[in-house]
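Sequence order for the protein chains is A and B.
Each residue of the first sequence is one higher than the one before, starting from 235 at the first, in this note's numbering.
Each residue of the second sequence is one higher than the one before, starting from 235 at the first, in this note's numbering.
No residue lacks a Cβ here, since even glycine has one placed at the ideal position from N, Cα and C.
There are 2 protein chains.
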Amino acid sequence: MKQQLAVGIDIGGTNTVFGIVDRRGNLLCDGSISTKKHTEIPLFVDDLCKELSKLIDQAGGLDEIKGIGVGAPNGNYFKGTIEFAPNLPWKGIIPLANLIQDAFGLPAVLTNDANAAAIGEMTYGAARGMKDFIMITLGTGLGSGIVVNGELVYGHDGFAGELGHVIVNPEGRQCGCGRYGCLETYVSATGIARTMRELLETHQTDSLLRGLPDDQITSKSTRDAAVQGDKLALEAFEYTGKLLGQQLANFIAFSSPEAIILFGGLTKAGDLILRPTVHHMEENLLEIYKNKVTVLMSELKESDAAILGASALVWEMKD
Amino acid sequence: MKQQLAVGIDIGGTNTVFGIVDRRGNLLCDGSISTKKHTEIPLFVDDLCKELSKLIDQAGGLDEIKGIGVGAPNGNYFKGTIEFAPNLPWKGIIPLANLIQDAFGLPAVLTNDANAAAIGEMTYGAARGMKDFIMITLGTGLGSGIVVNGELVYGHDGFAGELGHVIVNPEGRQCGCGRYGCLETYVSATGIARTMRELLETHQTDSLLRGLPDDQITSKSTRDAAVQGDKLALEAFEYTGKLLGQQLANFIAFSSPEAIILFGGLTKAGDLILRPTVHHMEENLLEIYKNKVTVLMSELKESDAAILGASALVWEMKD
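Below is the structure:
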C-alpha cells in the first residue's frame, strides 16, 4: 500500500529538523540542517531538499509519501507562508509551502509550531480521541494550539491561538512583541529565569543561585535548585504556576476543553510546575468548570515531537 | 412547502417570550408569559404550551413548523437542560428541551441565551456569511457566543463561552458567581452603574448624577448624563470601554475572529461605548491582528432578537 508515510519538517531559530513518519507515529529516519547559516531562502530550500531527498530514497521513494508537513514560527496555515518571524534569518513573507511543494511535487502544508504540536498530540499522543483541548508549549516563549470540535482553530486569518501574548498585566514585563505584560514574559523558560533573578534581587533569603552571573540563572538552574529544596527557586515555580493556572481558568471559560496539554522544556520540572498550575487553575475556575478539565503532560518524546507534529498535518490534509 | 417556520423561545428571569419566525427572520407572531410567577416547572411548561399552541394554530398548524429553539440562561446544548440558573425560579437541573419536545412532538433544541444570539446574528443579522466571530451581549451581565469555522463553540461539556467570567483583576469587584474581578462586574449595565457610583464617591468633580440615591444611578442615567457632556459619566464609559477593549484584544489572540458583534442595553450608548472599546482593543492587539477585526453593533431589533436567536437554532439542526 502506497502513501503510508509523511514527511515532517520543523523550522527552529537555530536548526531545522526533518524526518519520515508512519501512520502510527514511528519516526523512521531523520536529519537536520542549520537554519541560522542559511540567510538566503533559496539556498536554505536547496540544502533542505538535498538532505530530505536522501531520506525519502531510503524510505522507498516519493511514491511512498503522502505529503509534507511543516511547523514554523509565525507560520500561516491558510497561505502556507512564514510571516515576519523575529527569530528566523529571513525577513518579510516567505511562501515556504509553495517552495517545498514545487521542489518535490508533493503536497505541502505549513502551520505554526504550536499548532503542529497540537495536531501531533491529537494524532499520536496524549490527546488521541479528544475533540476539545488546548496545547500549551513552554519553551523560550509560550505557544498554543487550540482544538475545537476536533479541528484546529486557525481563525479568520490563520493566526489564531497566540495565548502567549494574552496580556496578564498591562504594567508588567516588556515582551519581545513590543508590548508589556504578555503571559510568555512570565510563563516560559525565559520567564521563569526572569522571575528567579527578580526574586534574588528583591529577597534576602539564601539561595543556591545567589551570586551567580545573570546568564547562569536559567530555567534549568532554577529547576535544579528547586529539586534541592531551594526556597526562592520553589517560589519561582509557585509564581509561574500561579500565573499559568489563573490564565488557564480564563482559557477554559472560552472553549471549555476536556484537557490542557503541556509540552516543552519547562514541563521537565514535573510536579514542581504541574502542582501549582492545577491548584491555581481550579481555584480560579467558574463553578461549572471545576474538576472537569485534566492537565496532562505531552506523551511525545521531546526530541521527536516537532517532527511528529509537523508530519501529522499530512494526515489531516483533505484528499 | 412545509416546515418553513421555526419557533423561538427565550427564557428570561422575569418573562418568557416566544414567537414564530420564517427562514428570512421575519417574526410572524409572538407572545409572552411570566417566568417568575411559575415557580413549578410543570405549570410553566403547561402554560407555555397553551399560549404557544395558539400561535402555532395561527401560523397554519404543527406541519408548518420544523422545530423549536430555546435560549435560556445556563442552558446546556448537549443535554437540552437548564442547570443551576441563579436568576430563574427553578432549582437544580431542568430537562426543558425534552419537556417541550414531548409536549409538541416537535424536535426541540436549547442553548444559552448568548449562544442563541450568536446563531441569530449569523442567520439573520450582522454576522451573515461570517465563519469566525465573537458575539458579546451586554445586559445585566456579559454573555458571549463564539463561532469558529462556522460552528458555535460548545466545548467538551456544552458550557463554552463564558467570557463574562474571565477574571480581569483577582483583587477586583465581587461577582454574582462568588469570585472576584470577573469582566461582567465592570462591563455590563450593572457594571457601568457600579463604576459611576465609585467615580462619584472618589471624585469631587461636579456631576448631573451627584446627590442621587444609588438606585437612580443606572446605566441609563449614566448614558443620559454622558450625552449631556457630564465629565464623570463620560469617564465611566471610557473606563468600561477600556476594560472591554483590553479583553477583546485577548479574546482575539484566542480565536482570531473576523468581527466582534456587540448587543444589548449598553450598546444603546453607541459611540460612547464603541469608540473607547475599539481604541483600547487596537492599542492592545498583537501586531499581526491590528486593523483586521471589525467591531459591529448587532443588526437585530432588540425586542425581537432573543426570539430570532432561539428560532435560528432550528435551522442549524441536523435533519
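* Asked: Using a C-beta to C-beta distance shorter than 9 Å, which residues of chain A count as neighbours of residue 572/B?
  -> Limits of chain B in this structure are 235 at one end and 553 at the other, which puts residue 572/B out of reach.
* Asked: residue 408/B versus chain A: which residues are under 8 Å apart at the beta carbon?
  -> For this step, residue 408/B is matched to residue 174 along the second sequence. What residue 408/B touches in chain A: nothing, since even the nearest Cβ is about 14 Å away.
* Asked: Does DSSP classify residue 420/B as helix, strand or coil?
  -> Here the question's residue 420/B lines up with position 186 in the second sequence. Residue 420/B falls in the coil class under three-state DSSP.
* Asked: Given that residue 260/B touches chain A, what residues does it touch there, using C-beta distances under 7 Å?
  -> Locating residue 260/B in the second sequence gives position 26, where the first residue counts as 1. In chain A, no part has a C-beta under 7 Å from the C-beta of residue 260/B; the shortest such distance is about 30 Å.
* **Contacting residues, own chain, Cβ-Cβ under 7 Å from residue 256/A (five flanking each side not counted)** => Residue numbering aside, residue 256/A sits at position 22 when the first sequence is read from its first letter. Within the same chain, residue 256/A has close Cβ partners 238, 239, 262.
* Within this structure, are the beta carbons of residue 381/A and residue 348/A separated by less than 8 Å? -> Here residue 381/A corresponds to residue number 147 of the first sequence, with the count starting at 1. Here residue 348/A corresponds to residue number 114 of the first sequence, with the count starting at 1. Not closer than 8 Å, so no.
* To do: Let me know if residue 396/B comes out buried or exposed under the rule of 16 or more other beta-carbons within 10 Å of its beta-carbon.
  => Position 162 of the second sequence, counted from the first residue, corresponds to residue 396/B. With a 10 Å radius around the Cβ and a threshold of 16 neighbouring Cβ atoms, residue 396/B comes out buried.
* What are the complete beta strand (DSSP E) segments, minimum 3 residues, inside the segment 291-320 of chain B? -> If we require 3 residues or more, the beta strand (DSSP E) runs fully inside the segment 291-320 of chain B come out as 299-305, 315-317.
* Would you mind sorting residue 422/B into buried or exposed? The rule is 16 or more other CB atoms within 10 Å of its CB. => The residue given as residue 422/B occupies position 188 in the second sequence. The Cβ neighbour count for residue 422/B, taken over all protein chains shown within 10 Å, is at least 16; the residue is labelled buried.
* Can the beta-carbon of residue 537/B be found closer than 8 Å to that of residue 359/B? -> Locating residue 537/B in the second sequence gives position 303, where the first residue counts as 1. Locating residue 359/B in the second sequence gives position 125, where the first residue counts as 1. For residue 537/B and residue 359/B, no; Cβs fall outside 8 Å.
* Buried versus exposed, by CB contacts within 10 Å (16 or more), residue 457/B -> Position 223 of the second sequence, counting from 1, holds the residue named residue 457/B. Residue environment analysis places residue 457/B among the buried positions, since at least 16 neighbouring C-beta atoms fall within 10 angstroms of its C-beta.
* Asked: With DSSP run on the structure shown, which of helix, strand or coil describes residue 376/B?
  -> Translated into the one-based positions of the second sequence, residue 376/B becomes position 142. Strand.
* Asked: Taking three-plus beta-carbon pairs below 8 Å as touching, is the segment 329-337 of chain A in contact with the segment 455-472 of chain A?
  -> The segment 329-337 of chain A makes no contact with the segment 455-472 of chain A; the number of CB pairs closer than 8 Å stays below 3.
* To do: Using a threshold of 8 Å, state whether the C-beta atoms of residue 523/B and residue 494/B are closer than that.
  => As a position in the second sequence, residue 523/B is number 289, starting the count at 1. As a position in the second sequence, residue 494/B is number 260, starting the count at 1. No, they are not a contact pair.
* Name the one or two DSSP bridge partners that residue 409/B has. => Position 175 of the second sequence, counted from the start, is the residue given in the question as residue 409/B. Answer is none; residue 409/B lacks a bridge partner.
* Grab the span of the alpha helix (DSSP H) containing residue 519/B for me, first residue to last. => Within the second sequence, residue 519/B is the residue found at index 285, counting from 1. Residue 519/B -> no alpha helix (DSSP H), and no H or E assigned at all.
* residue 418/A burial status per 10 Å Cβ neighbour count (16 or more: buried) -> Residue numbering aside, residue 418/A sits at position 184 when the first sequence is read from its first letter. So residue 418/A ends up on the buried side.
* residue 366/A: first and last residue of the uninterrupted beta strand (DSSP E) it sits in -> Taking the first residue of the first sequence as position 1, residue 366/A is located at position 132. Where residue 366/A is concerned, there is no enclosing beta strand (DSSP E), given that its DSSP letter is neither H nor E.
* To do: Using only alpha-carbon positions, find the residue among 281/A, 294/A, 319/A that is nearest to residue 305/A.
  => Looking up residue 305/A in the first sequence gives position 71. Comparing alpha carbon positions, the residue from 281/A, 294/A, 319/A closest to residue 305/A is 319/A.
* To do: Tell me whether residue 238/A counts as near the ligand SAM, meaning its Cβ is closer than 7 Å to at least one heavy atom of that ligand.
  => The ligand SAM is absent from the structure shown, which contains no ligands of any kind.
* Between which two residues does the alpha helix (DSSP H) containing residue 460/B stretch? -> As a working note, residue 460/B is residue 226 in the second sequence. Start and end: 453-461.
* Measure from the alpha carbon of residue 387/A to the alpha carbon of each residue in 287/B, 365/B, 271/B, then state which is nearest. => Stepping through the first sequence from its first residue, residue 387/A is reached at position 153. Nearest C-alpha to residue 387/A: 365/B.
* Is the shortest distance between the beta-carbon of residue 390/A and the beta-carbons of chain B less than 8 Å? -> Stepping through the first sequence from its first residue, residue 390/A is reached at position 156. Closer than 8 Å to some Cβ of chain B, the Cβ of residue 390/A qualifies, so yes.
* Put residue 252/A into one of helix, strand or coil per three-state DSSP. => To locate residue 252/A, count along the first sequence from 1; it is residue 18. It is a strand residue.
* Rounded straight-line distance, which links the Cα of residue 411/A to that of residue 277/A -> Counting from 1 along the first sequence, the entry for residue 277/A is found at position 43. Counting from 1 along the first sequence, the entry for residue 411/A is found at position 177. So the two alpha carbons sit approximately 28 Å from each other.
* Asked: Going along chain A, which residues have a C-beta under 9 Å from residue 488/B?
  -> As a first step, residue 488/B is located in the second sequence; it is residue number 254 there, counting from the start. Chain A residues near residue 488/B: 378, 380, 387, 389, 394, 395, 396, 397, 400, 485, 488, 489.
* Taking Cβ-Cβ distances shorter than 8 Å, what residues in chain B pair up with residue 550/A? -> Taking the first residue of the first sequence as position 1, residue 550/A is located at position 316. When 8 Å is used as the limit between beta carbons, residue 550/A is near no residue of chain B, the shortest such separation being about 13 Å.
* Cα-Cα separation, residue 287/A to residue 248/A -> One-based indexing of the first sequence puts residue 287/A at position 53. One-based indexing of the first sequence puts residue 248/A at position 14. Roughly 21 Å between the two C-alpha positions.
* Neighbour flag for residue 522/B against chain A, beta carbons, 8 Å -> In the second sequence, residue 522/B corresponds to position 288, counting from 1. By this cut-off, residue 522/B is an interface position.
* **Cα-Cα separation between residue 311/A and residue 344/A, rounded to whole angstroms** => Taking the first residue of the first sequence as 1, we reach residue 311/A at position 77. Taking the first residue of the first sequence as 1, we reach residue 344/A at position 110. Between residue 311/A and residue 344/A, the C-alpha separation is close to 5 Å.
* **Of the listed residues 441/B, 416/B, 511/B, nearest to residue 500/B (C-alpha basis)** => Translated into positions along the second sequence, residue 500/B becomes position 266. It is 511/B whose Cα lies nearest to the Cα of residue 500/B.
* Considering only the beta carbon of each residue, do residue 542/B and residue 354/B sit closer than 8 Å? -> In the second sequence, the residue the question calls residue 542/B occupies position 308. In the second sequence, the residue the question calls residue 354/B occupies position 120. Between residue 542/B and residue 354/B, the C-beta spacing is below 8 Å.
* Asked: Going by DSSP, which residues form a beta bridge with residue 244/B?
  -> Sequence index remark: in the second sequence, residue 244/B carries index 10 (1-based). DSSP lists 251/B, 305/B as partners of residue 244/B.
* With a floor of 4 residues, list each alpha helix (DSSP H) that falls wholly inside the segment 428-509 of chain A, ordered by position along the chain. => Listed in chain order, the alpha helix (DSSP H) runs fully inside the segment 428-509 of chain A are 453-461, 465-489, counting runs of at least 4 residues.
* For chain A, is any of its Cβ atoms less than 8 Å away from the one on residue 349/B? -> For the purposes of this step, residue 349/B is taken as residue 115 along the second sequence, with counting starting at 1. No, no contact with chain A.
* In chain B, what lies closer than 9 Å to residue 612/A by C-beta? -> For chain A, the structure presents residues 235 to 553; residue 612/A sits outside this window and is missing.
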